[in-house]
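Some notes on the structure that comes next.
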């Protein structure tokens, strides 16, 4: 893959793990790119390799994982072969990730204010007063009420939605160029889900970031994405702009996902993906 000026570009990413039953290939030759100001959705059921692909980008997989790719570039820079210290200077600052379990992702032993302060201390030259002001500013930006009072709160003292807002504040603290949101609304009720999605999209548009939205929810894809990649068993089955994907899906697996939406029910029984034959090669152009 030539350097085409994409914010992030990956060619032929493979991730393998050794298991008791043999080698598990969690990601199998996936290629993708995302540009500035673009939202790329990666969709598929659990176990399709969506999160593993992005954890490979972040360098957060266990050392036992085998990660290979023909190319993995961020702003034209090879990030796959960076030293750990060089990668840490990028991850958390220029590339940030929001994880799917907000309460589990925050350290229960430290206040939420302290945890954002640590991010700012690592990646900026702000002094302690400036970091405190910046943290309050971030809490206000993500819609946390009484932002100044929240600095000394522990994660268990906050709701799931509030913890997710803290995670978003932490992710955008250093104005990243790429934001990866991994199932950011999974653990939240429906009302809070809509608020969090609207918040993420508004921040992405305001900051001009590229964003990768990992989800299994086709409704989230329709609301947020410019382009969509559909994954199944670690392979990319289809890639299209969001309108084309919904109007003219090329892959049987994509058709299965769309047919399983409640609004597409046509009889007494809602179809499931198991009703379809999608043990197929990826759709033409998917790679």
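Numbering (my numbering), first residue to last: 8 to 294.
We treat Cβ as the ideally placed atom computed from N, Cα and C, and that holds for glycine.
DSSP has residue i in a bridge; who is on the other side?
i, result
"residue 40", "16"
"residue 313", "Given a span of 8 to 294 for the chain in the structure shown, any question on residue 313 remains unanswerable."
"residue 79", "17"
"residue 218", "46, 186"
"residue 26", "29"
"residue 110", "None, per the DSSP bridge assignment."
"residue 35", "21"
"residue 94", "The partner list for residue 94 (beta bridge, DSSP) is empty, contrary to what the question assumes."
Using only alpha-carbon positions, find the residue among the options that is nearest to residue i.
i, options, result
"residue 240", "21, 47, 172, 83", "21"
"residue 206", "179, 184, 159", "179"
"residue 245", "230, 263, 121", "263"
"residue 159", "118, 220, 124", "118"
"residue 197", "88, 110, 226, 209", "226"
"residue 81", "105, 234, 68, 41", "41"
"residue 236", "12, 29, 68, 38", "38"
"residue 109", "202, 232, 165", "165"
"residue 234", "24, 242, 256", "256"
"residue 221", "53, 35, 189", "189"
"residue 67", "150, 94, 127", "94"
Rounding to the nearest angstrom, what Cα-Cα distance links residue i and residue j in this structure?
i, j, result
"residue 251", "residue 185", "25 Å"
"residue 6", "residue 261", "Past the boundaries of the shown model lies residue 6; the chain is included only from 8 to 294, so the question cannot be answered."
"residue 216", "residue 224", "22 Å"
"residue 114", "residue 77", "35 Å"
"residue 70", "residue 270", "43 Å"
"residue 249", "residue 213", "21 Å"
"residue 219", "residue 15", "10 Å"
"residue 133", "residue 228", "37 Å"
"residue 145", "residue 154", "9 Å"
"residue 232", "residue 208", "9 Å"
"residue 267", "residue 58", "22 Å"
"residue 54", "residue 238", "9 Å"
"residue 84", "residue 12", "11 Å"
"residue 73", "residue 23", "5 Å"
State the CB to CB distance for the pair residue i and residue j, rounded to an integer number of angstroms; the pair is presumed to be in contact (CB under 8 Å).
i, j, result
"residue 129", "residue 99", "7 Å"
"residue 203", "residue 168", "7 Å"
"residue 33", "residue 107", "At roughly 16 Å, the Cβ-Cβ gap does not stay under 8 Å, so residue 33 and residue 107 are not in contact."
Exercise. Looking at C-beta atoms only, is the number of pairs between the region 168–175 and the region 32–48 that lie closer than 8 Å three or more?
Worked result: no
For this session: State whether the region 139–151 contacts the region 86–96, with contact taken as three or more CB pairs (one from each stretch) at a distance under 8 Å.
Result: no
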